[in-house]
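Notes for the one structure printed next.
There are 2 protein chains.
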Amino acid sequence: MSPTPQQRRASRHHQPDPGAGAAPARGRRAQPITVAAIIDAALGIVARDGYEALTMRRVAAALETGPASLYAHVVNKDDLGELLIGRLCTEIDLPEPEPAAWREQITGVCTRMRDQYLRYPGISRAALAAAPTNEDTLRIGEGMLAILLAGGIAPQAAAWGIDSLMLYVSAYTLEVSLLTDPGNEWVVSRDELLSRLSGLPDTFPQTKRHAAELTAGTDHERFDFTLDLVLDGLARR
Amino acid sequence: MSPTPQQRRASRHHQPDPGAGAAPARGRRAQPITVAAIIDAALGIVARDGYEALTMRRVAAALETGPASLYAHVVNKDDLGELLIGRLCTEIDLPEPEPAAWREQITGVCTRMRDQYLRYPGISRAALAAAPTNEDTLRIGEGMLAILLAGGIAPQAAAWGIDSLMLYVSAYTLEVSLLTDPGNEWVVSRDELLSRLSGLPDTFPQTKRHAAELTAGTDHERFDFTLDLVLDGLARR
DNA sequence: GCTTGACACGAACAGCGTTCGTAACATCGA
DNA sequence: TCGATGTTACGAACGCTGTTCGTGTCAAGC
């Protein structure tokens with residue numbers, strides 16, 4: 229028998245599984261249901277309608293089947309989320325460490341992760357939930373660790389720094405996704421936001437005075453700013 | 229009539245509402261249903277069973293009523309989440325800025341937020357979703373802004389720094405909540421994690437070599453490390 | 001006493017994740 | 001060639017969710 233979804237998941241986390249054998253796949257469909265096909269269908273839904281709209285039933289419908297059929301390939305919905313993150317991480321390629329260019333290399337990886345996540349609005353939710361033993365995310369960690377170490381960062385600072393950076397990328401992209409979601413009632417233009425801050429009561433003196441700075445930042449200026457902040461700190465340790 | 233939940237929410241965001249008048253509350257219950265009572269009941273559930281277990285039906289049951297009754301006081305579940313975050317933010321007191329002690333003051337506020345969030349596992353999910361115009365979270369922003377400005381940080385750096393810090397606090401607490409959730413299948417001791425990292429294939433050389441550093445950090449050492457990193461960076465601009 | 005209007009809530013709807021039992025097929029041994 | 005075997009696919013159902021609608025029930029105003 230081919231591995232059960234449970235075994236698949238366990239091996240993705242390098243955990244021994246109370247296992248069984250394996251055998252070739254069989255079936256009677258024109259296009260058999262596979263994990264890869266499920267991931268493809270799911271990513272399509274997330275790209276079009278956001279992570280909130282991702283349901284087992286919709287994935288099944290996209291595959292022209294019923295929801296029950298998915299559970300032969302996927303443990304549950306959380307598992308599917310993890311698989312999606314895994315796929316996204318696999319598509320990120322990591323540069324060979326160049327000691328002199330460690331900052332640019334790290335920024336590059338983070339930026340690629342950011343853009344990858346933003347293509348699938350809200351998927352960072354799954355990234356935040358993904359366990360630290362997932363092999364695909366560990367691959368990114370390995371790559372970033374190699375870059376930082378090559379750049380001369382001390383191992384402990386590098387380890388914790390990577391953690392902070394990946395956490396920040398996930399949180400930032402999740403926030404951006406929520407704030408630009410057209411289904412969100414509170415999405416608001418910069419001008420509107422600025423006028424609301426200026427209209428605050430006098431118990432918010434600093435916020436009113438610096439509303440311009442608080443609402444500043446086009447594109448991903450805020451993102452770059454924070455990355456620089458953290459990398460500056462790492463470089464100095 | 230007392231304000232509809234919609235009007236309440238709008239005013240919390242300083243948005244004009246297409247309003248109506250107001251009138252004293254009436255009812256025929258021993259203990260009338262109020263927004264405050266709903267928040268209390270909801271926080272009790274989250275504290276005990278986590279944010280995932282927060283259900284309109286459970287909140288209603290705690291108030292000895294049916295779910296429909298809540299919708300006279302709360303717009304929907306997202307609104308309830310925002311109210312919870314608002315309550316938590318209200319309970320955080322902000323120090324009078326002391327220019328010489330700005331670092332300690334900022335760290336103090338972030339730490340209090342962290343501990344507050346951690347008391348209600350998973351609630352940071354709602355914090356990440358909360359709109360940037362919510363008055364209660366703006367209050368924290370105002371307080372931190374005042375501290376940073378008093379400490380001599382440039383307004384733009386202060387504004388973006390606050391953003392990063394609050395985002396990090398939410399993300400960090402969310403991660404910690406998920407990783408220590410006893411219902412989580414992947415929660416694992418430090419020793420177990422370390423042995424899994426060491427058992428990785430040879431395509432993970434750095435991860436295997438520095439498994440100790442990657443799994444290091446008791447209590448909130450990682451949290452303090454990142455805060456220091458960001459504050460160092462802010463101080464230098 | 002009667003009307004008015006705000007509050008509370010029972011019942012229901014559509015949709016969700018997940019499980020169970022069964023039907024349909026490919027392969028293998030005889 | 002013909003079952004027997006084991007695997008895949010899936011219809012139907014369960015229990016739960018957020019939310020809405022219509023009705024009941026009380027306090028206040030005339």
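Line by line, the protein sequences give chains A and B. Going by our numbering, the first sequence opens with residue 229, and the numbers climb by one from there. Going by our numbering, the second sequence opens with residue 229, and the numbers climb by one from there. By construction, the Cβ of each residue, glycine as well, lies at the ideal position given by its N, Cα and C atoms.
Measuring only the C-alpha atoms, how far is residue i from residue j?
i              : j              : result
C338 (chain B) : T365 (chain B) : 13 Å
L282 (chain A) : E310 (chain B) : 23 Å
I390 (chain B) : E319 (chain A) : 32 Å
P325 (chain A) : L455 (chain B) : 27 Å
V458 (chain A) : R315 (chain B) : 31 Å
D460 (chain B) : A269 (chain A) : 45 Å
I334 (chain B) : G380 (chain B) : 13 Å
I261 (chain A) : L271 (chain A) : 15 Å
Q384 (chain B) : R353 (chain B) : 27 Å
E470 (chain A) : G369 (chain A) : In the structure as shown, chain A begins at 229 and stops at 465. Residue 470 (chain A) is therefore absent and cannot be evaluated.
G294 (chain A) : M284 (chain A) : 9 Å
A358 (chain A) : H241 (chain A) : 11 Å
R276 (chain B) : Q259 (chain A) : 46 Å
A439 (chain B) : R424 (chain B) : 9 Å
V263 (chain A) : I313 (chain A) : 14 Å
L377 (chain B) : K436 (chain A) : 14 Å
P231 (chain A) : N304 (chain A) : 15 Å
D306 (chain A) : A265 (chain B) : 33 Å
P327 (chain B) : E292 (chain B) : 50 Å
P426 (chain A) : S426 (chain B) : The sequence as given places Ser at residue 426 (chain A); Pro does not occur at that position. Cα to Cα, S426 (chain A) sits roughly 54 Å from S426 (chain B).
S239 (chain A) : G336 (chain A) : 30 Å
Y348 (chain B) : R340 (chain A) : 33 Å
Closest by CA to residue i, which one among the options?
i              : options                        : result
L298 (chain B) : B:A328, B:E310, B:I267         : B:I267
G375 (chain A) : A:R418, A:P323, A:G350, A:D409 : It should be noted that the sequence gives Ile, not Gly, for residue 375 (chain A). Per the Cα distances, A:P323.
V397 (chain B) : B:G427, B:T293, B:G350, B:A264 : B:G350
Q235 (chain B) : B:P295, B:A300, B:W414, B:E292 : B:A300
L407 (chain A) : A:P360, A:L346, A:T435, A:D452 : A:L346
A463 (chain A) : A:V415, A:E332, A:L308         : A:E332
L393 (chain B) : B:T443, B:A328, B:A355         : B:A355
L421 (chain B) : B:T443, B:R437, B:S405         : B:T443
W330 (chain A) : A:R340, A:E292, A:G371         : A:G371
S405 (chain B) : B:S426, B:H448, B:E441, B:L308 : B:H448
How many whole angstroms separate the CB atoms of residue i and residue j, which I take to be in contact at a CB cut-off of 8 Å?
i              : j              : result
Y400 (chain A) : L395 (chain B) : 7 Å
R465 (chain A) : A382 (chain A) : 6 Å
V302 (chain B) : P233 (chain B) : 5 Å
R342 (chain A) : F453 (chain A) : At roughly 13 Å, the Cβ-Cβ gap does not stay under 8 Å, so R342 (chain A) and F453 (chain A) are not in contact.
Q344 (chain B) : L373 (chain A) : In fact, because the Cβ distance is near 33 Å, the residues do not count as touching under 8 Å.
I273 (chain B) : A290 (chain B) : 7 Å
V415 (chain A) : D409 (chain A) : 7 Å
C317 (chain A) : R367 (chain A) : 6 Å
For residue i, which residues in chain B fall below 7 Å Cβ to Cβ?
i              : result
V370 (chain A) : Checking the sequence, you will find Glu at residue 370 (chain A) rather than Val. Per Cβ cutoff of 7 Å: F432, Q434, T435.
L377 (chain A) : Q434
V302 (chain A) : Here the premise fails: no neighbours, minimum Cβ distance about 14 Å.
V337 (chain A) : Those do not exist, as V337 (chain A) stays about 14 Å from chain B at its closest Cβ, beyond 7 Å.
A359 (chain A) : W414
For residue i, which residues in chain B fall below 8 Å Cβ to Cβ?
i              : result
P218 (chain A) : Because chain A here runs from 229 to 465, residue 218 (chain A) falls outside it and cannot be looked at.
A238 (chain A) : Those within 8 Å of A238 (chain A) in chain B number zero; the least Cβ separation is about 10 Å.
L274 (chain A) : Note that residue 274 (chain A) corresponds to Val in the displayed sequence, not to Leu. Simply none; closest approach about 17 Å.
L406 (chain A) : L356, A357
I want to verify the contact list: residues of chain A whose CB lies under 8 Å from the CB of residue i, in sequence order.
i              : result
E403 (chain B) : L356, L395
D447 (chain B) : Ordered by position in chain A, no residue passes the 8 Å Cβ test against D447 (chain B), which lies about 13 Å from the chain.
G461 (chain B) : D456, L457, V458, D460, G461
A464 (chain B) : In the sequence as displayed, the identity of residue 464 (chain B) is Arg instead of Ala. Correct list: D460.
For residue i, count neighbouring C-beta atoms within 10 Å of its own C-beta (all shown protein chains included) and say buried if the count is 16 or more, exposed if not.
i              : result
E403 (chain A) : buried
T446 (chain A) : exposed
A429 (chain A) : The sequence as given places Pro at residue 429 (chain A); Ala does not occur at that position. Exposed, by the Cβ-count rule.
T431 (chain B) : exposed
G249 (chain B) : With a pLDDT of only 37 at G249 (chain B), under 50, the local geometry of the prediction cannot be trusted, and no value is derived from it.
R418 (chain B) : exposed
D321 (chain B) : exposed
N362 (chain B) : buried
R237 (chain B) : buried
P360 (chain B) : buried
R254 (chain B) : Residue placement at R254 (chain B) cannot be trusted, given a pLDDT of 42 that sits under 50; what the coordinates show is reported in the next sentence. Exposed, by the Cβ-count rule.
Name the chain A residues whose beta carbon is nearer than 7 Å to that of residue i?
i              : result
L442 (chain B) : A387
Q384 (chain B) : E441, A444
S398 (chain B) : A399
R450 (chain B) : W388, D391
For residue i, return the contacting residues in chain A, with the cut-off set at a CB-CB distance below 9 Å.
i              : result
L428 (chain B) : H242, E363, L366, E370
D466 (chain B) : An answer regarding residue 466 (chain B) cannot be provided, because it is not within the stretch 229 to 465 covered by chain B.
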